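So in the working numbering, the last spot in the sequence shown is 331, and the numbers never skip.
Just so it is clear, CB atoms sit at the ideal spot from N, CA and C, and this is done for glycine as well.
Every value quoted in this text rests on a predicted model; they were computed, and no experiment measured them.
Accompanying notes for the structure given below.
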Amino acid sequence: MSLHTDIRRVRAEFDDRLKAVQARLAAGLDGSEHAEQLRIDFLGRKGAVAGLFAGLGALSPKERPAAGQQLNALKEAIAGAVSDLQPGPSQEDRPSAPQLDLTLPGDPIPLGSTHPVTQIESKIKNIFARIGFSIYYGPEVETEFYNFEALNFQADHPARDMQDTFYLSKDLLLRTHTSNNQIHAMEAMKPPLRIIMPGRVFRNEAINARSHCQFHQIEGLVVDRQVSMAELKGTMTHFARELYGPDTRTRFRPSYFPFTEPSAEMDIYWGLETDRDHRITKGTGWLEILGCGMVHPNVFKAVDLDPLKWTGYAFGMGLERMAMLKWGIGDIRLFFEGDLRFLRQF
Ligand code: DAH
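If you want it as structure tokens, here you go:
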């Protein structure tokens, strides 16, 4: 028998077996074992193709190359057909491969939001920055001198009382307002001054929906020659209209603060339409938003500025109050609890 005939015979046998396996697969039956057996019988170490290769040695050196080529071609054809039978790796067989659907929308990255008090603070800073004010920060831990004495509070002023002020030691306390920064600023910088001073303040108060032991203020101070009450009123009115809208109406009521003379409180007209309007304006339609006044001569004297030469005005407002009004928030405690359900709304 020539090698050529052997090749044809093996090829025919293989084709028969292949057809049988293909028929199983086409019928939806499991053909994997049959396919594997086919591979072993023809391509295995003792398989039919290996047997043919063994016959090469009996050929003459002249015949061998051509016969070798034919055998290689047969082996490749059989290997190709067998590997076509094997199903590709299924999804379940590849547990390590992540199941990716690149058309799905991505997971949202949670974004933080700016705290409502921070939002109000930056709005107010921007309004004043646009009319030439710069920003100054001072300490939260303070002495009686900066928090009270230099601001013309008398020694027996009730605000100095342990009931209202957190004392850390005999002389150190937590500032009760940002007005302490007026003194620091005038000591640190030569007038003319035009500054706002934001910060946290502390008062020894029972915590409830309307008051807290900590809150935030923004203080303002202008010192120059011949600063007038008219300039103070004009600046405050401009500020209210920038924050609450161009049609905002303002009024000034006389008031008292130890560090200003004369002193005033500014109200904005809030309206009297809803029950809520009635409640928060106590039936007047007007809402107090800040305290202000002309810098008291004693304050200038405390920082060695000549009150005959220098004039000025100051103002101060509570940021939580501004935020509560802007967003209709009814409870000041919400600002300090860090509750994400509250904070995510801003
Ligand atoms: N310091 C005052 C307070 O805590 C607020 C204030 C009122 C500040 C009048 C001022 C001012 O600068 O002129 O209630």
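Can residue i be considered in contact with the ligand DAH, in the sense that its beta carbon sits closer than 7 Å to one or more heavy atoms?
i      : result
GLN202 : yes
With H, G and I counted as helix, E and B as strand and the rest as coil, what does DSSP make of residue i?
i        : result
PRO243   : coil
GLU172   : helix
GLU106   : helix
MET147   : coil
THR(-10) : helix
PHE331   : coil
ILE120   : strand
GLU250   : strand
THR163   : coil
LEU89    : coil
LEU70    : helix
LEU96    : coil
LEU14    : coil
HIS142   : coil
ALA191   : coil
GLY219   : helix
PRO101   : helix
GLN84    : coil
ILE314   : coil
ASP232   : coil
GLU134   : helix
GLU322   : coil
Just list the residues that DSSP pairs residue i with in beta bridges.
i      : result
ILE112 : Answer is none; ILE112 lacks a bridge partner.
PHE183 : Sequence inspection shows Pro at residue 183; the Phe mentioned does not correspond to that position. DSSP output for PRO183 lists ILE203 as bridge partner(s).
ASP209 : THR296
GLU127 : LEU158
PHE237 : MET251
TYR152 : LEU158
LEU178 : VAL208
Assuming residue i and residue j make a contact with CB atoms under 8 Å, what is their CB distance in whole Å?
i       : j      : result
GLY278  : THR245 : 3 Å
MET336  : LEU275 : It is not possible to answer for residue 336, since the shown part of the chain is limited to -14 through 331.
ALA11   : GLN71  : That belief does not hold up - the Cβ atoms of ALA11 and GLN71 are roughly 15 Å apart, past 8 Å.
LEU3    : LEU23  : 7 Å
VAL67   : LEU14  : No, VAL67 and LEU14 are not in contact; Cβ-Cβ is about 18 Å, not under 8 Å.
VAL(-5) : VAL34  : 7 Å
ILE253  : ALA225 : 5 Å
HIS162  : LEU304 : The pair is not a contact, with the Cβ atoms about 12 Å apart (cut-off 8 Å).
LEU158  : GLU134 : Wrong, their Cβ atoms sit about 12 Å apart, outside the cutoff.
ASN189  : PHE138 : At roughly 16 Å, the Cβ-Cβ gap does not stay under 8 Å, so ASN189 and PHE138 are not in contact.
GLY297  : VAL212 : 5 Å
ILE105  : HIS197 : Their Cβ separation, rounded to whole angstroms, is 16 Å, which puts ILE105 and HIS197 out of contact at 8 Å.
List, from N- to C-terminal side, the alpha helix (DSSP H) runs of 4 residues or more that fit wholly inside the segment 253 to 306. Taking 4 residues as the shortest admissible run, the segment 253 to 306 contains the following complete alpha helix (DSSP H) segments, listed from N- to C-terminal end: 260 to 265, 282 to 287.
Residue list, Cβ distance to the ligand FAD heavy atoms smaller than 6 Å: Here the bound small molecules are the ligand DAH; the ligand FAD is not part of this structure.
Jot down the residue ranges of each uninterrupted alpha helix (DSSP H) in the segment 16 to 55, minimum 4 residues, whole runs only, in chain order. 17 to 28, 33 to 40
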